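In our numbering, the protein residues as written are 167 to 532.
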């Protein structure tokens, strides 16, 4: 086809030939250079984790998060063999309302705690869509400085709509991190809700991030999470917002006086800071380390760890029973039929549940 710009009146113009477009198919697939990673044995997983191999650690965490029964068998063996190397960390739970600046704060907190050396692992639990089951997993992108630090390991994890499942996987992931030598562990929660109760049962210090002017300091509905907090910090205490943050801090301190004294004997403190501008970060962590020293001296640190171990034993039983029920062949074949009867109004939810449980019990006694 003749281009009009090639006519004599446009002699000063030339048309360059375009470059050949690359194939949309990965060329490595054609010549066999692209292959899946070979599977590791339990011993190879444990050896890599204990030596601090980040690649092996990442694959082990993926194994723990897998829903495939065969992966879970290997994962449980790896966790069991890593247990003797675990328990030597300080675990910090970090929570707060959406928009409170948790990820930005963790970015600043992480750099601060790594100044003295050591290794830090961060698990950022991201809520999954109830409709698509997908997650954005964007927390790591909001921890720009920390994600580049050689001593930091950041792992976004989807909640997948299952609080119990996430809680168990988080607890098991902590064991792997500790075995790999990570002595500081942050667990960032989804938001304010039931997930905080689960996270509180696996950390040594529970830090609650709040904002000024949200009214939370006056809401009785937030009493539960405030009672769990070992420290409350008001973020974005900078510029014109500094005075509002100080006022909110006073209101929170007054509210805390109405709560019963914690079992630890520690009086929760309320501080203000700015995660974005790195203001008063040191004061926040002086409070955290003061708490850790306090509970280690009075023995509550070990008491809390023992209570958590017992709690997770029962939670593991509950999760295993739930998984066993839904993976049972007879239950899987009858579940949809029973569900349809309930939707048609021919069977109540409670009767349907009882019938399915009876079938499950009978199938396990044969």
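Note that beta-carbon positions come from the ideal geometry of N, C-alpha and C, so glycine has one too. These figures come from a predicted structure and were not determined experimentally.
Bridge pairing for residue 440: 445 [DSSP]. When only Cα atoms are considered, residue 501 and residue 529 end up about 15 Å apart.
Comparing alpha-carbon positions, the option among 334, 319, 531 and 260 lying closest to residue 489 turns out to be 334. CA-CA distance, residue 456 to residue 498, rounds to 52 Å. In the DSSP assignment, residue 374 falls within the beta strand (DSSP E) that extends over 371-376.
In the three-state scheme derived from DSSP, where H, G and I count as helix and E and B as strand, residue 250 is classed as helix. Assignment of beta-bridge partners to residue 435 by DSSP yields 397. In the displayed model, residue 427 falls within coil according to three-state DSSP, outside both helix and strand. Linking residue 406 to residue 378 through their CA atoms gives a straight-line distance of about 12 Å. Of the candidates 247, 392, 462 and 402, 392 places its Cα closest to the Cα of residue 425. Here the alpha carbon of residue 451 sits roughly 33 Å from the alpha carbon of residue 482. Judged by DSSP in its simplified three-state form, residue 267 adopts coil rather than helix or strand. Distance from the Cα of residue 473 is smallest, within the candidate group 369, 415 and 453, for 369.
Boundaries of the alpha helix (DSSP H) harbouring residue 497: 495-509, taken from the DSSP string. Around the beta carbon of residue 510, a 10 Å sphere encloses fewer than 16 other beta carbons of the protein chains shown; the residue is thus reported as exposed. Beta-bridge annotation (DSSP): residue 261 is paired with 374. Within the region 196-240, the complete alpha helix (DSSP H) segments of 4 residues or longer fall at 208-216 and 220-231, listed in chain order. The beta carbon of residue 252 lies closer than 7 Å to those of 341, 344 and 345 in the same chain, with the five residues before and after it left out.
The alpha carbon of residue 395 has as its nearest neighbour, out of 204, 258 and 347, the alpha carbon of 258. The residue among 255, 271 and 254 with its C-alpha nearest the C-alpha of residue 261 is 271.
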